[in-house]
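Residue numbers for the first sequence follow full-length UniProt numbering, so the first one is 1 and each next one is one higher.
For each residue, glycine too, the CB sits at the ideal point set by N, CA and C.
Being a predicted model, the structure only gives us computed values, none of them experimental.
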Amino acid sequence: MNYWLMKSEPDVFSIDDLANCSNKTDHWDGIRNYMARNFMRDSMQVGDEVLFYHSNAKPPHVAGRAKITSTAYADHTAFDPNSKYYDPKSDPNSPRWVMVDVTFVRKFKNSVPLPDIKANPKLSKMMLLTHGRLSISKVTEDEWIEIHQMAGEKI
DNA sequence: GCCAACGTTGGC
DNA sequence: GCCAACGTTGGC
1 MNYWLMKSEP DVFSIDDLAN CSNKTDHWDG IRNYMARNFM RDSMQVGDEV LFYHSNAKPP
61 HVAGRAKITS TAYADHTAFD PNSKYYDPKS DPNSPRWVMV DVTFVRKFKN SVPLPDIKAN
121 PKLSKMMLLT HGRLSISKVT EDEWIEIHQM AGEKI
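See the structure below:
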C-alpha cells in the first residue's frame with residue numbers, strides 16, 4: 001500500500017467534480033511526464049491512498065482524499081488527434097502514456113494550504129515541495145498522518 | 001500575468 | 001551525447 005499526492009487544477013477538475021462522477025470515479029488522463037507515468041505504471045496499486053491537491057488555487061491546498069481503484073492502462077487521449085493530450089508518438093500497440101482510475105473518498109472540512117505545508121518542519125522533505133512541478137508525487141506514511149492532523153481529519 | 005524551474009526536443 | 005532553445009507547470 002502506497003500514499004500519493006495528485007495535483008489537479010480545480011478550475012479544470014476539482015475534488016467536487018470527482019465526487020460527482022459516476023461511481024465517484026474517473027480516469028486520471030493527460031499525464032505527460034515520465035516520472036509521474038512511472039509511478040502510475042510501476043508502483044500504483046489498487047487500494048493506494050491519495051491526497052487530492054488543488055494546484056493553481058489561491059492558495060494551493062490539499063483538498064481531500066481519494067484512492068486508486070485500477071492499475072495503469074493505456075491513456076487513450078494520447079491516440080486522439082482532437083485531444084489536447086494527443087501524442088502522435090504514442091503507439092496504440094505500445095502506449096507511451098498510461099492512466100489509472102481514481103475514486104473519491106472524502107473532502108476535508110479544512111483543506112491544508114500550501115503555505116502551512118511549507119511552514120511545517122515535519123513536511124520539509126515532502127516530494128510536493130522538493131519536486132515542485134511534478135503532478136504525481138509520493139507521500140510517506142508520516143507525511144500522510146501529519147497532513148491529516150493539520151486538516152483535523154481522522155486517518 | 002510574470003517568471004523561475006525544469007523537462008523535452010532537436011541540431012550539431 | 002551535448003546543450004541551447006523551447007514549452008509547460010505552477011507558485012506568487
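query: Measure how close the beta-carbons of W28 and V100 come, nearest whole angstrom, since I'm counting them as under 8 angstroms.; result: 6 angstroms
query: Where does P60 land, buried or exposed, given buried means 16+ other C-beta within 10 angstroms?; result: buried
query: If P131 sits next to S124, beta carbons under 8 angstroms apart, how far is it from one beta carbon to the other, in whole angstroms?; result: Correcting the residue identity first, residue 131 is His in this sequence and not Pro. 13 angstroms between Cβ atoms; not a contact.
query: I need the straight-line Cα distance from M40 to K89, nearest angstrom please.; result: 19 angstroms
query: Taking the straight line between their C-alpha atoms, what separation do you get for V12 and H54?; result: 10 angstroms
query: With a 10 Å radius around its C-beta and 16 neighbouring C-beta atoms as the bar for buried, classify M35 as buried or exposed.; result: exposed
query: Please list, in chain order, all residues of the same chain as K7 whose beta carbon is under 7 angstroms from its beta carbon, the five residues on each side excluded.; result: Y53, S55 and S135
query: With a 10 Å radius around its C-beta and 16 neighbouring C-beta atoms as the bar for buried, classify D48 as buried or exposed.; result: buried
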